[in-house]
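Below is one structure, written out as structure tokens, with a few remarks after it.
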């Protein structure tokens with residue numbers, strides 16, 4: 033009887049570890065996604081060390097500014113959205129000021145592709161919402177198609 037109880041607990045522990053590992057699979061920790069995107073941007077723009085250092089400072093300041101905005105409970109949803117947009121616009125402008133003409137062209141192309149991916153996601157989300165209202169089954173979507 034005791035052996036059965038011990039086996040049960042050992043099995044329960046293994047299952048809980050497995051579920052926890054499975055739940056975390058594919059998920060990045062806080063800040064990892066932004067760091068990964070920043071590294072990808074630096075590589076795409078072929079930045080020199082000085083430009084890279086300046087953009088690191090900009091990114092840190094941008095992250096802090098956004099954190100302050102999101103923690104400000106006095107802002108309405110609309111004010112928050114407008115403030116975040118202003119901060120993002122300022123960040124993008126500051127990045128452009130660091131880049132040379134060739135890098136600016138690449139930067140603008142990257143931003144354009146990001147906007148297109150965002151628009152596709154909005155359309156898919158809207159279509160899913162409409163399908164749900166109509167009672168249609170949901171389609172499986174591969175978000176990795178956007179990255180190409």
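In our numbering, the protein residues as written are 33 to 180.
Every residue gets a Cβ at the ideal spot worked out from N, C-alpha and C, and that includes glycine.
From a predicted model like this one, the values you see are computed outputs, not experimental measurements.
Quiz item: Would the beta-carbon of residue 125 fall within 9 Å of that of residue 83?
Solution: no
Quiz prompt | Bounding residues of the alpha helix (DSSP H) (the contiguous stretch that carries residue 77) | solution = 64-77
Quiz item: Thinking just about the alpha-carbon of each residue, which of 112, 167, 139 and 145 is nearest to the one in residue 127?
Solution: 139
Practice problem: Go to residue 114, then tell me how far its alpha helix (DSSP H) extends in each direction, as first and last residue. | Solution: 109-130
Self-check item: Cutoff 7 Å; reference residue 116; Cβ partners in own chain excluding five residues on either side
Solution: 98 and 101
Exercise. Identify, in the order they occur along the chain, each residue of the same chain with its Cβ nearer than 8 Å to the Cβ of residue 72, setting aside the five sequence neighbours on each side.
Key: none
Quiz item: Going by beta carbon distance, what residues of the same chain come within less than 8 Å of residue 107, once the five residues before and after it are set aside?
Solution: 101 and 115
Practice problem: Please classify residue 61: does DSSP put it in a helix, a strand, or coil? | Solution: coil
Self-check item: Residue range of the unbroken alpha helix (DSSP H) whose run includes residue 106
Solution: Per DSSP, residue 106 belongs to no alpha helix (DSSP H) and is neither H nor E.
Quiz item: When DSSP labels each residue in this structure, what does residue 80 get in the three-state scheme?
Solution: coil
Quiz item: Cβ atoms of residue 131 and residue 76: under 9 Å apart, would you say?
Solution: no
Quiz item: Nearest CA to the CA of residue 133: which residue from 64, 78, 110 and 109?
Solution: 78
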